[in-house]
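Below is one structure, written out as structure tokens; comments come after it.
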DNA sequence: TTGAAAGTTTAGTGTAGTCTAATGTTGACG
DNA sequence: CGTCAACATTAGACTACACTAAACTTTCAA
Ligand SMILES: [Mn+2]
Ligand SMILES: [Mn+2]
Ligand SMILES: [Mn+2]
Ligand SMILES: [Mn+2]
């Protein structure tokens, strides 16, 4: 009965939802997601991925080119963005409304994203004022499935003298996140590059407007995604 | 993004958690929970229950007497009460903090209860002021696993003239719950029995203090669990 | 140009949980 | 006190999703 209605809104398993998210992240710049990369991100064995890939392409969520990798179909991309919206809204809700620290929200959201209803996500979004960014600065897709594609540069790749706004922190590791928070390195912060040592050495930055210096090794600098900001001659726009 | 798919710890599955809750409710008065009753409550076939019963008794969560039924062990009871605490706190959080109506919270909590962490439950409980009752008046077990056992009578069984406080509403059916709310029949309300028709006929009650009458058929009256309240001679204690 | 390393898929196994059909057990009542 | 209907269990099949071991494909360097 009403097979078409049911098939139009097929229920995805938590496993499938996590695979789609990972494939989205790995094939973001239009390329293919490789079996072994998916396996590493999900912490499963490569043959488990091959098995899931077969199921996902049979249901039309991905396109598989054997020995090459996979890409999301339009339907798969829609499902992935829906999960990413849920994940990021949950992260923000937990930090803003329940006092979670930005290092611990990821694990919690990773489970809740599969259990919440669309109505609950709506209500949380409304309670937060339909926010655009999650606690780590990542853009929250709209309910319609649109997502902002910002052009950001890694702090490790910017030359000395540039003024930047820190926009996204590219890790979910609680220890690294807590360290960044201690250093005042959270999305929205303004800074200038004051020095970089050769041979992949550390970058020295100055926080704006305080001027407080911070020294950031290459491993961490690669996680700090920034937007260039035009330098004003004297002083900085307040706030 | 990792570690959620495969977890080596002896965590209970969502299925197991739901079975334990149902067995708790069915064997509450010290009796046995019957296979077919468990099956009906979970909407699965009886052989599915037999299979699960085997697994649960092997893990020490229940005691099985073949052809008789099952009972929770101390360990099983602890796990069941932990789930009931989660379920009821979630229901209350959704109604109080996110504007849910008491008819829709059950379905949402039924899924979320398996996904939330102990920390999240703690934070929600604190945000609510460590509440004792859920939106339907059911007692919330403490984190230590204690639960209030109230002695309540069904509105269908009380004789005319009695004064009562409505304490619990014994259904999760959204339609019935919405109807009760429309009629002002929510936990905490005071009322007096003014009439009952014979042959399982309807009960007429008066709301206190307004005196507004309500006529409640036996099917619904059986769902309204009350505590007797001593009648004061003239007027009623305010609020 | 070839051969081995790196990466991917196939083959086979296991666990959890569901189902239907068949069989076994219990207890109420005629 | 025996029969049978209701209830419970066993038997066997199926799906989803993981694993290891083995086979296969691609790539890259000698
Ligand atoms: Mn997840
Ligand atoms: Mn995030
Ligand atoms: Mn549940
Ligand atoms: Mn409830």
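Chains as they are written, first to last, in our numbering: chain U, 1 to 239; chain V, 1001 to 1239.
Note that beta-carbon positions come from the ideal geometry of N, C-alpha and C, so glycine has one too.
Can you list, in chain order, the residues of its chain with a C-beta nearer than 8 Å to that of residue i? Leave out the 5 residues immediately preceding and following it.
i                       : result
residue 1050 of chain V : 1035
residue 3 of chain U    : For residue 3 of chain U, the pLDDT reaches just 36, beneath the cut-off of 50, and the residue's location in the model is therefore unreliable, although a value from the coordinates is still provided. Result list for residue 3 of chain U: empty, nothing under 8 Å.
residue 41 of chain U   : 22, 25, 26
residue 1075 of chain V : 1060, 1061
residue 212 of chain U  : 184, 206
residue 210 of chain U  : none
residue 1237 of chain V : Reliability fails at residue 1237 of chain V, whose pLDDT of 47 lies under 50, so the model's placement of it is uncertain and no value is given.
With residue i as the anchor, note down where its beta strand (DSSP E) starts and where it stops.
i                       : result
residue 1059 of chain V : Per DSSP, residue 1059 of chain V belongs to no beta strand (DSSP E) and is neither H nor E.
residue 178 of chain U  : Segment 174-182 is the alpha helix (DSSP H) holding residue 178 of chain U; no beta strand (DSSP E) there.
residue 224 of chain U  : 224-228
residue 166 of chain U  : 163-169
Of all the options the options, which has the alpha carbon lying nearest to the alpha carbon of residue i?
i                       : options                        : result
residue 154 of chain U  : U/222, U/214, U/132            : U/222
residue 1118 of chain V : V/1140, V/1212, V/1170, V/1085 : V/1085
residue 1177 of chain V : V/1102, V/1167, V/1081         : V/1102
residue 1080 of chain V : V/1129, V/1018, V/1137, V/1030 : V/1018
residue 1096 of chain V : V/1169, V/1184, V/1134         : V/1134
residue 158 of chain U  : U/189, U/23, U/193             : U/193
residue 224 of chain U  : U/124, U/189, U/212            : U/189
residue 1069 of chain V : V/1104, V/1058, V/1026, V/1043 : V/1026
residue 1156 of chain V : V/1226, V/1149, V/1037         : V/1226
residue 1048 of chain V : V/1073, V/1016, V/1230, V/1150 : V/1016
For ligand 1, is there a heavy atom less than 7 Å away from the beta-carbon of residue i?
i                      : result
residue 110 of chain U : yes
residue 14 of chain U  : yes
residue 18 of chain U  : yes
Given a cut-off of 8 Å, decide if residue j and residue i are closer than it, judged by their beta-carbon atoms.
i                       : j                       : result
residue 1039 of chain V : residue 1033 of chain V : no
residue 1162 of chain V : residue 1228 of chain V : yes
residue 1138 of chain V : residue 1168 of chain V : yes
residue 1115 of chain V : residue 111 of chain U  : yes
residue 1196 of chain V : residue 1160 of chain V : yes
residue 128 of chain U  : residue 93 of chain U   : yes
residue 104 of chain U  : residue 174 of chain U  : yes
residue 1254 of chain V : residue 123 of chain U  : This structure cannot speak to residue 1254 of chain V, because chain V is shown only from 1001 to 1239.
residue 78 of chain U   : residue 145 of chain U  : yes
For residue i, collect the residues of the same chain with a Cβ closer than 7 Å to its Cβ; drop the 5 residues on either side in sequence, then sort them by chain order.
i                       : result
residue 1106 of chain V : 1091, 1172
residue 1215 of chain V : 1202, 1204
residue 21 of chain U   : 80, 83, 84
residue 191 of chain U  : 164, 166, 205, 206, 207, 208
residue 1001 of chain V : Legend: pLDDT at residue 1001 of chain V = 39, less than 50; position of this residue unreliable, value from coordinates given subsequently. No residues qualify anywhere along the chain.
residue 147 of chain U  : 81, 139, 141
Grab the span of the alpha helix (DSSP H) containing residue i for me, first residue to last.
i                       : result
residue 192 of chain U  : Segment 190-196 is the beta strand (DSSP E) holding residue 192 of chain U; no alpha helix (DSSP H) there.
residue 1095 of chain V : 1074-1098
residue 1204 of chain V : Unbroken run through residue 1204 of chain V is the beta strand (DSSP E), 1203-1208; no alpha helix (DSSP H).
residue 1111 of chain V : 1105-1112
residue 219 of chain U  : 218-221
residue 16 of chain U   : 14-26
residue 120 of chain U  : 118-127
residue 37 of chain U   : 35-42
Compute the minimum distance between the beta carbon of residue i and the heavy atoms of ligand 3, and state whether it is under 7 Å.
i                       : result
residue 1114 of chain V : yes
residue 157 of chain U  : no
Leaving out five residues before and five after residue i in sequence, what residues of the same chain have Cβ atoms less than 6 Å from its Cβ?
i                       : result
residue 109 of chain U  : 87, 90, 91
residue 56 of chain U   : 62
residue 136 of chain U  : 169
residue 1234 of chain V : Residue placement at residue 1234 of chain V is poorly supported in this model, since its pLDDT is 49, which falls under 50; the coordinates still yield a value, given next. Nothing listed; no residue qualifies.
residue 65 of chain U   : none
residue 1220 of chain V : none
residue 1100 of chain V : 1094
Any chance the CB of residue i is under 7 Å from a heavy atom of ligand 2?
i                       : result
residue 187 of chain U  : no
residue 131 of chain U  : no
residue 1106 of chain V : no
residue 135 of chain U  : yes
residue 91 of chain U   : yes
Given the structure, does residue i come close to ligand 4, in the sense that its CB is under 7 Å from one of the ligand's heavy atoms?
i                       : result
residue 174 of chain U  : no
residue 1138 of chain V : yes
residue 1088 of chain V : yes
residue 25 of chain U   : no
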